[in-house]
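J.: Can you keep this structure in mind? I'll have questions shortly.
Right, dumping it as structure tokens:
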């Protein structure tokens, strides 16, 4: 994960949510790290990926 990719993903998250907060910043890093661990590329569709979340705050 590099800073440029993180900044791009964070900008997309901000556009989607309408703001940036600590939860969105952390959630973006977690999502990117999860994709990295699974060997998946950023900005590609992953129709076989299903994510279940147990939190309803910004981080998810």
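Residue numbers (the working numbering): 9 to 68.
Ideal Cβ placement from N, Cα and C applies to all residues, glycine included.
#1: Starting from the C-beta of residue 32, find all residues in its chain whose C-beta is less than 8 angstroms away, skip the five residues before and the five after it, and write them out in chain order.
#2: With residue 31 as the anchor, note down where its alpha helix (DSSP H) starts and where it stops.
#3: So the alpha helix (DSSP H) residue 24 belongs to, where does it begin and stop?
#4: For residue 55 and residue 41, what's the separation of their Cα atoms in angstroms?
T.: Let's see:
#1: 18, 21, 22, 25, 66 and 67
#2: 30-45
#3: 11-25
#4: 18 angstroms
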